[in-house]
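The sequence shown begins at 1 in UniProt numbering and counts up one residue at a time. Cβ coordinates follow ideal geometry from the N, Cα and C atoms, glycine included. This report refers to the structure that appears directly beneath it.
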Amino acid sequence: MSTLNRAALVLFCLSFVPLSALSQQQTPPHSDQLPVTAAPPLTEARDPHLVLDVVVTDRSGKPRAGLTQNDFVVRDNNQVRKILSFRAVDGAAPAEPPVKIILMVDEVNTSFTRVAYERDQLKKFLLKNGGQLTHPVSLAFFSDTGTELQNGSSRDGNALLASFDQHVTKLRTIRRSTGFYGAEERFTLSLKGLNLLAATEAKEPGRKMVIWISPGWPILSGPNITLSTREEQGLFSSIVYLSTALRQARITLYSIDPLGVEDAATNRLTYYEEFLKPVSASKDAQAGNLALQVLARQSGGQALNSSNDITEQISRCVAEADAFYTLTVDPTPSDRPNQSHSVAVSVETPGVTARTRNLYYGQP
C-alpha cells in the first residue's frame, strides 16, 4: 500500500473506532472513548444470554412455520447449548413488539440516476395492498451530509409515501473518480451511518430488519494492500464493535443491490464472500470484513444482488418477518476479551435450512 493510501486508512481507524482500539489492550469500548456519532452498545452484564432470531426456509426459500423447540439444535463454537427460551412467531402468534422494518436508501454509494429508480421501486412497495403494510415500516436516507431517520414507523404506506415524497435526493459530492480517498471517505461514512442506526435502534425493544438498498461500500482490500499492526488493531476493534452493536440492537441486516444484473458480469457480486470467515485476531483483520454484504450475512440476513426488481426483493426480505423463531441460549464462556464465536443452528426436519446470526464476540 502506498504512503498516501496507508495514511487514509489510518485516518479511518482514528475517526471510527474507539481510541482504545489503537492500544494493545483489546477490551470493549467505554462511553467516553466512543466517536461522537456513536452510543455504546448495551453492556454484556445487562443480558448475559444470547438471543437468536432464526428464519427457517424450505427449498424454494419460503419461510417455514410450525416448528417446535425440539426441532432445533444450537451450537456455539461447536458446543451444543441448551435452549433456555423459545418463541415461534407466525400469523397465529405475532411478534410482540411487532418486527420493525427499516428501509435505508443509500445516496452515498449509489448514483443519482439509480437512486431515482430506487425511489420508484420503493413507492411500488409502499402502495402494495392499497398501502396497507403487514409490518411497521420506517424510512431512512443516507447521504454525504449524514443519516436522516424518519421519526416513528407506520403500517400506512400512503402516509409513508407522502413523507417519502418530501425528501429531496441529494446529489452525491463523493465521486467514484476521486480514487482511494473518495472510496475511503464513502467507506468511513457508511460505517458511521450503520453505527448510528444501530445505536439508535438499541434503545427500542424487539427485532428490527434493516433493508439497506445499496451496491455496498468500497471493500478496500486486495492482494496489494498490506496493513500495519496498528491498522489491523483498529480494524479488528471496529469489527468487534459493530458486530456487537448490531447484535445487541437485535438488527438483522439485508442488502439489496440496486444495480442488479448490471453487476452480474463483474466479480463484485461474490468478492465479499472471501471475507465471511470470522476474524479471531487483529492480524487477520481486513477492511473487507466490514463490507455491507458480509455484515448482512453474519447478522442472519441476506445479500440479494441478482435482480433489478427492487420491489420484489424488498417483499422477499419482509416475508421473513412473518414466520421466524426466537431462541435464547446460554453462550459458551469466553477465555479472552473479544473472542469470536461461531454460531450454528440446525433443524432436524428434512429439506429446510435455518439461518441466524452466525457470529458474535464474547467477553470473559
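Have a look at the options and flag the residue whose alpha-carbon is nearest the alpha-carbon of residue i.
| i | options | result |
| --- | --- | --- |
| residue 223 | 151, 287, 234 and 359 | 287 |
| residue 141 | 291, 167 and 351 | 167 |
| residue 132 | 120, 161, 151 and 358 | 161 |
| residue 347 | 50, 65 and 48 | 65 |
| residue 165 | 298, 198, 123 and 93 | 123 |
| residue 330 | 60, 62, 59 and 79 | 79 |
| residue 335 | 361, 313, 256 and 319 | 361 |
| residue 139 | 119, 48 and 128 | 119 |
| residue 358 | 95, 300 and 106 | 300 |
| residue 81 | 352, 343 and 349 | 343 |
| residue 106 | 86, 259, 199 and 126 | 259 |
| residue 96 | 289, 87, 102 and 104 | 87 |
| residue 111 | 284, 257 and 290 | 257 |
How far does the alpha helix (DSSP H) with residue i in it reach, from first residue to last?
| i | result |
| --- | --- |
| residue 352 | Residue 352 -> no alpha helix (DSSP H), and no H or E assigned at all. |
| residue 219 | Element bounds for residue 219: n/a, residue is neither H nor E. |
| residue 275 | Run containing residue 275: none; DSSP gives neither H nor E here. |
| residue 148 | Residue 148 -> not in any alpha helix (DSSP H); beta strand (DSSP E) instead, spanning 146-149. |
| residue 284 | Residue 284 -> no alpha helix (DSSP H), and no H or E assigned at all. |
Under the DSSP definition of a beta bridge, which residues are partnered with residue i?
| i | result |
| --- | --- |
| residue 63 | 57 |
| residue 184 | DSSP, once it has assigned bridges, lists no residue as partnering residue 184. |
| residue 340 | 361 |
| residue 213 | 105 and 256 |
| residue 142 | 106 and 147 |
| residue 324 | 89 |
| residue 192 | Looking at the DSSP assignment, residue 192 forms no beta bridge with any residue, so it has no partner. |
Do we get a CB-CB distance below 8 Å when we pair residue i with the residues of chain D?
| i | result |
| --- | --- |
| residue 53 | No chain D appears in this structure, which consists of one protein chain only. |
Along the beta strand (DSSP E) that carries residue i, what are the first and last residues, could you check?
| i | result |
| --- | --- |
| residue 79 | 79-81 |
| residue 315 | Unbroken run through residue 315 is the alpha helix (DSSP H), 310-318; no beta strand (DSSP E). |
| residue 202 | It is not in any beta strand (DSSP E) - residue 202 carries neither H nor E in the DSSP assignment. |
| residue 239 | Counting along the chain, residue 239 falls outside any beta strand (DSSP E), though it belongs to the alpha helix (DSSP H) covering 229-248. |
| residue 253 | 251-256 |
| residue 154 | 154-156 |
Check your understanding: Counting pairs of Cβ atoms below 8 Å between the segment 230-246 and the segment 189-204, do you hit three or more?
Key -> Because the criterion of three Cβ pairs below 8 Å is met, the segment 230-246 and the segment 189-204 touch.
Review point. Considering only residues of the segment 73-140, which uninterrupted alpha helix (DSSP H) runs meet the minimum length of 4 residues and lie entirely inside it, listed in chain order?
Key: Fully contained in the segment 73-140 are the following alpha helix (DSSP H) runs of length 4 or more, in chain order: 112-126.
Review point. Per the contact definition of three or more C-beta pairs closer than 8 Å, is the segment 61-77 in contact with the segment 310-326?
Key: yes
Check your understanding: Just checking, does the segment 270-288 make contact with the segment 197-213 on the three C-beta pairs under 8 Å criterion?
Key -> no
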